[in-house]
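Right, one structure below, let's go through it.
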Amino acid sequence: MDGDHLEALDSSSEALHSEVTMVVTGEPPGSLEEELEEEEEEETAPEVIDYLSLLDVLRVSTIMEDVIDQLSILGYIIPVPYERKQSISQKASHEKPSAVSSTRKLSLPLSEMKQRGQDLILKKPTRQTIINLETLKKIQNDRQYFSDVIATAMKEMQDFGSFKSLLEALGRERDNRMNFHEAITREEKGRRQIKFLQRQLIDVKKERQVQVQNGNEYIAHLKDQLQEMKAKTNLENLYMKRNTELQISQTQKKCSRAEEHLLEEIEKLRMKTEEENRVHTEIELFLKKEQQIREYEQVIIEDRLEKEKMRKKKQQDDLELKSIVKLQAWWRGTVVRREIGSFKMPRKEKEDIKDSKGKEKEKRRGKK
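Under the working numbering, the residues of the sequence shown are numbered 8 to 375, in order.
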């Protein structure tokens, strides 16, 4: 077992040195990604198999652990900027338990390999060792991403016997690349459009300059016209001012005359109003007296009518009384003459009565 483990370490160290020399010599970092993608595609070729046998799982897990170890060693060997060392060490501390156990077993040879890699890098020419900071960041990010994907796939394979997460990661990476190419295409189109718009902007600026020059000439022409208009306007204002003052003086004279005439008319109307008020007051007093006189006359008439009614009533009463007295006297005379009841007159008295009646009849005839 120890011999097999040492042989695996030697083979992994040789592969690691070959990869390190490839990165340092300036070969594009995309080749490493392509090789890893080809290895992953070869490993995930039997996609139709949902679950692997225990033996296959152990084989593939061993290969994946070897790949994780190589990626970890690559992370230690690649020169990292000072500000990124702390973040990478924190990420390395969160790796899967299997990867951590394997790195602990290789702690001693890792330090030696790291020292060898750094010595090898220092021995290379300056032109080959200077790598762009962005490129180093991309290499570290890609290495960490591959390590996380392989660790997740290995854990899934050990737990469930499948590697769907690896296929999903490949699909996501393929989609990301497509999106990246589309973004590049859009950026190229945007640059072409920007160039076209810049040319249009230059043309528009030239047109604007011509327009500004024409506008300045037109403004100068308008300024000349403005000066002429100002002089003409000053003369017109002076003439209008004098004409207005003359019209104002004439209007004031006319207004003063009209005011005097109106004052006279007002005075006449005031006197006439006073006269009308006086006449109106006298008429009111006369009408009041006339009303009082009419009221007095009406009272007098009513009093006279009342008195006349009382007089006529008194006459009527007197006449009725006389008639009643006469009727009583006639009735008494008739009773006596006829000797009705207990009333009887002597003979002589009867003759006297007849004579008196004859005389009365003669008198009445004489009056008629």
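Ideal placement from N, C-alpha and C gives every residue a C-beta, glycine not left out.
Checklist entry - So, is residue 157 buried or exposed, given that buried needs 16 or more other C-beta atoms within 10 angstroms? => result As a position in the sequence shown, residue 157 is number 150, starting the count at 1. Buried, by the Cβ-count rule.
Next on the checklist: Taking only three categories from DSSP, how would you classify residue 293?
Outcome noted: What you label residue 293 is simply residue 286 of the sequence shown in a count that begins at 1. Here residue 293 sits in helix by DSSP.
Checklist entry - Per DSSP, what kind of secondary structure is residue 168 in: helix, strand or coil? => result Along the sequence shown, one-based indexing puts residue 168 at 161. In this structure, DSSP gives residue 168 a state outside helix and strand, which the three-state scheme calls coil.
Checklist entry - Which word fits residue 257, buried or exposed, when buried means at least 16 other C-beta atoms lie within 10 angstroms of its C-beta? => result In the sequence shown, the residue the question calls residue 257 occupies position 250. Exposed, because fewer than 16 other Cβ atoms sit within 10 Å of the Cβ of residue 257.
Next on the checklist: Measuring straight from C-alpha to C-alpha, what distance separates residue 224 and residue 208?
Outcome noted: As a first step, residue 224 is located in the sequence shown; it is residue number 217 there, counting from the start. As a first step, residue 208 is located in the sequence shown; it is residue number 201 there, counting from the start. Roughly 24 angstroms separates the two Cα atoms.
Next on the checklist: Quick check: the Cα distance between residue 247 and residue 279, rounded to an integer number of angstroms?
Outcome noted: Residue 247 sits at position 240 when you count from the first residue of the sequence shown. Residue 279 sits at position 272 when you count from the first residue of the sequence shown. Between residue 247 and residue 279, the C-alpha separation is close to 46 angstroms.
Checklist entry - In three-state terms, what does DSSP make of residue 154? => result Along the sequence shown, one-based indexing puts residue 154 at 147. Note: residue 154 maps to helix in three-state DSSP.
Checklist entry - Sorted by chain position, which residues of the same chain lie with C-beta nearer than 6 angstroms to residue 82's C-beta, five sequence neighbours on each side aside? => result Working through the sequence shown from its first residue, we reach residue 82 at position 75. The answer, listed in chain order, is 150.
Next on the checklist: Is it buried or exposed, residue 74, if we count other Cβ atoms within 10 angstroms and call 16 or more buried?
Outcome noted: Your numbering for residue 74 matches position 67 in the sequence shown. Looking at its Cβ environment, which holds 16 or more other Cβ atoms inside 10 Å, residue 74 is buried.
Checklist entry - What do you get for residue 232, buried or exposed, if any count of 16 or more other CB atoms within 10 angstroms of its CB means buried? => result Taking the sequence shown and counting its residues from 1, one reaches residue 232 at position 225. So residue 232 ends up on the exposed side.
Checklist entry - Between residue 64 and residue 165, which are expected to be in contact by the criterion C-beta below 8 angstroms, what is the C-beta distance as a whole number of angstroms? => result One-based indexing of the sequence shown puts residue 64 at position 57. One-based indexing of the sequence shown puts residue 165 at position 158. About 7 angstroms; that satisfies the 8 angstroms criterion.
Checklist entry - So what does DSSP say about residue 62, is it helix, strand or coil? => result To locate residue 62, count along the sequence shown from 1; it is residue 55. In the three-state DSSP reduction, residue 62 falls in the helix class (H, G or I).
Checklist entry - Hey, how far is the Cα of residue 320 from the Cα of residue 314? => result Taking the sequence shown and counting its residues from 1, the one referred to as residue 320 is at position 313. Taking the sequence shown and counting its residues from 1, the one referred to as residue 314 is at position 307. Computed Cα separation, rounded: 10 angstroms.
Checklist entry - What are the start and end residues of each continuous alpha helix (DSSP H) run of 4 or more residues lying completely inside the region 244-281, in chain order? => result Those alpha helix (DSSP H) runs which fall completely within the region 244-281 and span 4+ residues do not exist here.
Checklist entry - So what's residue 235 in DSSP terms, helix, strand or just coil? => result Against the sequence shown, residue 235 aligns to sequence position 228. If DSSP states are grouped into helix, strand and coil, residue 235 belongs with the helices.
Checklist entry - Using DSSP with H/G/I as helix, E/B as strand and the rest coil, what is residue 139? => result Translated into the one-based positions of the sequence shown, residue 139 becomes position 132. Secondary structure of residue 139 (DSSP, three-state): coil.
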